[in-house]
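Asks: Dropping a structure here in structure tokens format, bear with me for questions.
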Amino acid sequence: MDFTLSAEQQMFAHTATTLFGNTCTPAHWRTMMQHDRAFDPDRWAQIAATGFTAMLVPESAGGLGLGEVDFALIAQAAGYVALPEPLVESAGIAAPMLAELAPDHALLRDPAAIIAIAPAANPVVASADVAGAFLLEKDGHAFLATPDTIALTPAQSIDPLRRVFRIGWDPAAAQDLGPADWTRATDRAAVFAAAQGMGLAQRAVDLAVAYAKDRQQFGKPIGSYQAVKHHLASAQTAIEFARPVMLAAAATVAQGDIYARARASHARIVALEAADQAARAAIQVHGAMGYSWEVDVHLLLKRALALTGCWGTPAFHRARIAARLFTRPAGPDQTFAKEQSVA
Amino acid sequence: MDFTLSAEQQMFAHTATTLFGNTCTPAHWRTMMQHDRAFDPDRWAQIAATGFTAMLVPESAGGLGLGEVDFALIAQAAGYVALPEPLVESAGIAAPMLAELAPDHALLRDPAAIIAIAPAANPVVASADVAGAFLLEKDGHAFLATPDTIALTPAQSIDPLRRVFRIGWDPAAAQDLGPADWTRATDRAAVFAAAQGMGLAQRAVDLAVAYAKDRQQFGKPIGSYQAVKHHLASAQTAIEFARPVMLAAAATVAQGDIYARARASHARIVALEAADQAARAAIQVHGAMGYSWEVDVHLLLKRALALTGCWGTPAFHRARIAARLFTRPAGPDQTFAKEQSVA
Amino acid sequence: MDLSYTPKQQAFRAEVRHWLEAHVPADPLEHYDASRAGFEAHRAWEATLKSGDWGMVTWPKDYGGRGLDLIEWLIFEEEYYRAGAPGRVNQNGIFLLGPTLMEFGTPAQKQRFLPPMASGEEIWAQAWSEPQAGSDLAGVRATAVRDGDDYVLSGHKIWSSRAVFADWAFGLFREPGSERHKGMSLIFFKLDAPGVTRTPIRKINGHVGFAEIVLEDVRVPAFNRLGDEGQGWHICMATAGFERGLMLRSPARYQVAAASLAGMWQARRNSADPLLEADVVRAFMNAEAYALNIYQTASRLSAGAKIGAEASTNKIFWSEMDIHLHQTALAILGADAELVPEPGTLRRGDHDWLDDYIFALAGPIYAGSNEIQRNIIAERMLGLPR
Amino acid sequence: MDLSYTPKQQAFRAEVRHWLEAHVPADPLEHYDASRAGFEAHRAWEATLKSGDWGMVTWPKDYGGRGLDLIEWLIFEEEYYRAGAPGRVNQNGIFLLGPTLMEFGTPAQKQRFLPPMASGEEIWAQAWSEPQAGSDLAGVRATAVRDGDDYVLSGHKIWSSRAVFADWAFGLFREPGSERHKGMSLIFFKLDAPGVTRTPIRKINGHVGFAEIVLEDVRVPAFNRLGDEGQGWHICMATAGFERGLMLRSPARYQVAAASLAGMWQARRNSADPLLEADVVRAFMNAEAYALNIYQTASRLSAGAKIGAEASTNKIFWSEMDIHLHQTALAILGADAELVPEPGTLRRGDHDWLDDYIFALAGPIYAGSNEIQRNIIAERMLGLPR
């Protein structure tokens, strides 16, 4: 029973934090928005070079064969910078599904390949314009389609760093990979949305703290006022009690049982709530500044809002927790329970 | 369109405030609890002498023939002192029902008579040990029973100034008054629970304000700390937006239509929530004092808790509002809507 | 208490409804903060309103109004929102400065400023905040130096709503050397006057709703000072009362939104979280409570009372209600919540829940942050020490 | 990360479960704050626990423990709560003073005080607060005057939990003339010593959970001082860390309550508000999150970290979770919520939701109010200015 991260995990996370921190700066956000773009090919090439895109692909399929905890740390770092590129969707959700269904597929050997994924629950697909392939849900099957067979209709997300499209496609023009584990994909999506939420939430608090130390009102820094302190302390408390859930969810998602599903859903709900709470607290602490386009906090809020609607609503995820709570024993000896093997 | 109270209404309210304020003091609460009592015959006699018990009885039945707004002001004053005696249940709910069913009944001519009322929804009856008669719900009918035909089993309410009993009774030994308007009784109960809630809430804030001005911590009155201010400001805000609902509910309850029912339920929900919020804020502001038996705030909290369970749960009342919202037009021109007469 | 409308009030409602039905544009105008075109379309709508004498119905007839009372004002607003009529681009004028002018202005000032305000010929921005004085209005540093019959204004204002496209602005300026609450005067200036530089600030929805204003030796006549020299703080507190109070946020606005929310819930309830019904009902309750509170206040004011610190409870209530209502709407929209409506798809009466949610987030911040409002309630209503 | 128990940990759980099944009283004991009899019944239970060497499993064997680690402690607590075993009457000793003694005590002090603490032979009260010093511990006025090998204690303590029936108490006393954080020492005294007067204070549930303590020239040996003279504030801050941190509120407590709540919901859902299901699920989520957070902290501490200001986040989380959980329970109970259970009807494992709700209301107040905790988080975790 050990919650600590390995040296390798910390190293990967450090690499992500450094890469994202250096390239995905507020100034870079501004440049991207100014040019109405949500994809930086240079950064994507660097990401591919680090191996992040291959982490969840088994070694047998040409990947690194790492686990969801490892990738969750990358997703958390991506959340901290509101990364525009589809790293989480492609490498965190689509690639491992493709590896399960078609381990010999050439895309898995190309670390720069972007695989878009479209579960039936999502009305739009992010970054569909740069995808090299599409994994599409229909009747429980996964279909693989090439970009030339997909009709893209741009839609507008509230998140200016998220470029979304409605898609039209013809199953006859796509490759039927057979029944796919969309529940497993939803689990991974939930865990990595939670991880991104943790990054978003902490960034919002950090931005607000920096501002509150600096900004003076009535002759002292606004951070010395109890109301400001309590807003931010409450947000930080929400973070502290979502992060271990996210880590535990990442560590257990591979179980693929009702316990793991409930934990993934739990992590997703509380992490995105923490992100929303932190972003709103940060906007409030910034005062009128927080409501201006030029202050970055709104980007965090909008990303959290976008993530909340994808891959199942909060009600869908709450129902998965209820299913675990009401059909399996609960209590202090059940914290780390697994479904007993039926073999 | 006028929300102001008449001089007569203000005079009655003033009488109630004075009578209750003079007799139902914190010292008197303590004496009653020490003797495990929840009824003061002297005070009850004074209450009867003021005419409060006859307010909702029509003049034709020997009463004052006043309206629910008039009585709501008395109930609000009763809430402010957490009045132990069953004034609201007897004079506010039972007496007008009896007057509708049996206008010639002698009890209506006795201002000191206590009529207990037992709707099917309530598991216990308050002050049943001092009741002169019981109005009991069965199959939509109202039965009138004398105390000697009722079996009382004491139960214990969390509210030490509320003495409750489970009752056993035999319809054969009671007088069947025929079908009764239990919905109307529920409406009145809701409005007057709301009125009591307003009194409880304001008392809690007042007690906390007095303490916060006086109590010093870290060298200044705790009332100068933003956290204390904001707790109490939030509670006062809840009061300010529940009180007009309560008054409007009292003013329209006689309509007896779906709009009036929804408003009564609305008033009840928000007024008792305000009472709970204010009492909990007051406990928090009092610090450890607030958690001691010797500080009075807990009595307000417990009364609010007891009222919340009687005459329909919050969910029951929410459903009545939903029924109005989803079957009738809503919007700014519908604030004071009435059911159109079907004549 | 009598919670029914008089026949005269009912007739007035019918008159308003009839006129609006004939005049409100079928398609929503572009937002007045989105572009100059949107702004001018709203100015044109103000002129249309004035053509029916609806510019500001509570003002005296001499100043472009109808001399009606507060209950009639509420009825007008109810019908206005019910009709889905355009937002009032001149709200800083008609709702904030107008009532203040009515109380503190000279007859000549009223005659000069009120009628073109009621007609939208002159559209006003507010210029309260400064970079170093947001919540702390007494920290204002901009100066007004008296020079004969003129003032010469210098300083730096920020977060001025409407100031990008408006004609006039009002703000606080202090006598050089004065401190805190003393020595400040409320002065008007034209936004295209020599020495005024406006820089747009975008809101988080991308609209240029604010401006930063730099004033360099801007010369205005002393006639543009409202009230006595040095009385600015006092007047400003009165204006803040109006802003938080009756006028700025009509109950009708939330009642329309709550009714729409209920409609959306009924249309989508089969695919949405069943537990959201409680929030839909709560949004309705909140909107009704706010309306009843305002009717009660209107009755009180009609009986001669003045609006006081309880205006701060209004500010807190509507701002929190607005966020809750729109959070509920987005939760019902579920996976579609993040998507901005396609341009041109919104019709009169449709709600842009997402944009309105983003707007609602500003509620706890502007017009005096909710933290400041809670301080005011605690200190002025409850009497807690500063 | 490895979120599975080792075979050794599993065997330990089985051992605890087995022993508790054989020893936990079938019927709940009367509450230790309710009467002397209830208190002594709990002392007897502590002796039973000690007979199985379960007094305080993390303590070294020499002091009555088993020398186990924090994960084993959590497992012990899980089984303890799962079994519905009696509350720990000596929690002020074993959870607060014990760890502090372990860190700051001399070998002789540890040998003197820890074993009878682990066995319940000596039961401890805390004496932190004074009438004029509640949240502001540095405002303590009680004095300790050195007299040869003794101290002479005088002063007035209040809100001392357990002090009505307990044997010993610990509290802060200052050198006369010293101020604020300086000159204070942490000193133990017997509650039946000459010069000590205890007055019970009833809690809002009617139990005499607190006492007011007046000390008039109470003579204690200098041996009863923990740490150096004047080091009291420093030690006290360490103790406060323990109180808010790992030990005082076991996750198991809330996990048991959340599971019971889920059971009650399933039994009553047909007659209760369907919307409460979200709250039931949330109560479970909260309890799980708290457990995971504590496991993470235990891992961190095992790897050599020290508990810091994040203990304040624990305090806020468990106190708010506890209130929410019990509010939900009362809402499910509906019309029955106000009724106190008939005496003698509660069996082992049954929850007295109403009394626990009332107890939960104290959570945001004691062990440092949540306002103070939020200040600590803001200042020490986030680095905001004082």
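Protein chains in written order, with this note's numbering: chain A, 17 to 359; chain B, 17 to 359; chain C, 39 to 424; chain D, 39 to 424. Every residue, glycine too, gets a C-beta built ideally from N, C-alpha and C.
#1: On a CA-only basis, which of C/Leu253, C/Ile239, C/Phe397 and C/Glu315 is nearest C/Pro232? Give me that one, please.
#2: Shortest alpha-carbon distance to D/Gln129 belongs to which of D/Arg306, D/Glu84 and D/Leu399?
#3: Classify D/Thr237 as helix, strand or coil using the three-state DSSP reduction.
#4: Could you name the residues that DSSP lists as bridge partners for C/Glu168?
#5: Residues of the stretch 237 to 263 of chain A with a CB closer than 8 Å to any CB of chain B: list them in chain order, please.
#6: Any residues in the stretch 147 to 174 of chain A with a beta carbon nearer than 9 Å to a beta carbon of chain C? Which ones, in chain order?
#7: Let me check understanding here. Comparing Cα to Cα, which of A/Glu116, A/Ile255, A/Ala258 and A/Ile174 lies closest to C/Gly244?
#8: When the distance is taken between beta carbons, is A/Ile133 closer than 8 Å to A/Ile166?
#9: Determine the contact status of A/Gly215 and A/Ala93, defining contact as a CB-CB distance below 8 Å.
#10: According to DSSP, is B/Ser22 part of a helix, a strand, or is it coil?
#11: Output, in chain order, the set of chain A residues within a Cβ distance shorter than 7 Å of D/Pro238.
#12: Given that B/Val313 touches chain E, what residues does it touch there, using C-beta distances under 9 Å?
#13: So A/His282 contacts chain D; which residues on that side make the cut at Cβ distance below 8 Å?
#14: Compare the Cα-Cα distances from D/Leu314 to each of A/Gln356, A/Ala338 and A/Asp145 and report the closest residue.
#15: Following the continuous beta strand (DSSP E) through C/Glu115, name the residue where it begins and the one where it ends.
#16: Please identify the residue among B/Leu288, B/Asp52, B/Asp349 and B/Tyr307 whose C-alpha is closest to the C-alpha of B/Cys326.
#17: Applying the criterion that 16 or more other CB atoms from any shown protein chain within 10 Å of the CB defines a buried residue, is C/Met275 buried or exposed?
#18: If you measure between the beta carbons of B/Ala196 and B/Ala158, is that distance less than 8 Å?
#19: Please report how far the alpha carbon of C/Arg240 lies from the alpha carbon of C/Phe226, in whole angstroms.
#20: Looking only at DSSP bridge pairs, what is A/Lys154 linked to?
#21: Return the residue from the list D/Ala60, D/His80 and D/Leu58 that minimises the CA-CA distance to D/Leu67.
#22: Chain B partners of C/Gln293, CB-CB under 9 Å?
#23: Got a sec: is the Cβ-Cβ distance from B/Thr47 to anything in chain D below 8 Å?
#24: Assuming A/Asp126 is part of the beta strand (DSSP E), what are its boundary residues?
#25: Per DSSP, what kind of secondary structure is D/Leu422 in: helix, strand or coil?
#26: Could you spell out where the alpha helix (DSSP H) holding A/Phe87 opens and where it closes?
#27: With 16 other CB atoms within 10 Å as the buried threshold, where does D/Gln304 fall?
#28: Beta-carbon separation of D/Ala343 and B/Thr329 under 8 Å?
#29: Would you please verify whether the beta carbon of B/Gly334 is less than 8 Å from any beta carbon of chain C?
#30: CB A/Val269 to CB D/Met39, shorter than 8 Å?
#31: State buried or exposed for C/Ser89, treating a residue as buried only when at least 16 other CB atoms are found within 10 Å of its CB.
#32: Measure from the C-beta of C/Asn130 to each C-beta in chain B and report whether the shortest distance is under 8 Å.
#33: Since I believe D/Gln164 is in contact with D/Ser199 (beta carbons under 8 Å), could you give me their beta-carbon distance rounded to a whole number of angstroms?
#34: C/Leu377 versus chain A: which residues are under 8 Å apart at the beta carbon?
#35: Quick one: does D/Ala316 have its CB under 8 Å from some CB of chain C?
#36: To the nearest angstrom, how far is it from the Cα of D/Val319 to the Cα of D/Ile332?
Replies: So, from the data block:
#1: C/Leu253
#2: D/Glu84
#3: strand
#4: C/Ala171
#5: Tyr241, Gln242, Ala243 and His246
#6: Ala171, Gln172, Ser173 and Ile174
#7: A/Ile174
#8: no
#9: yes
#10: coil
#11: Within chain A, no residue comes near D/Pro238; the closest Cβ sits about 34 Å away, beyond 7 Å.
#12: This model lacks chain E altogether, as its protein chains are A, B, C and D.
#13: Met323, Glu326 and Ala327
#14: A/Ala338
#15: Run containing C/Glu115: none in the beta strand (DSSP E); it sits in the alpha helix (DSSP H), Leu108 to Arg120.
#16: B/Leu288
#17: exposed
#18: yes
#19: 24 Å
#20: A/His157
#21: D/His80
#22: Ala346, Gly347, Pro348, Asp349, Gln350 and Thr351
#23: no
#24: Per DSSP, A/Asp126 belongs to no beta strand (DSSP E) and is neither H nor E.
#25: coil
#26: Glu84 to Tyr96
#27: exposed
#28: no
#29: What sits at residue 334 of chain B in the sequence shown is Arg, not Gly. Yes, its Cβ sits closer than 8 Å to a Cβ of chain C.
#30: no
#31: exposed
#32: no
#33: 6 Å
#34: Pro139, Val140, Ala171, Gln172, Ser173, Ile174 and Val180
#35: yes
#36: 20 Å
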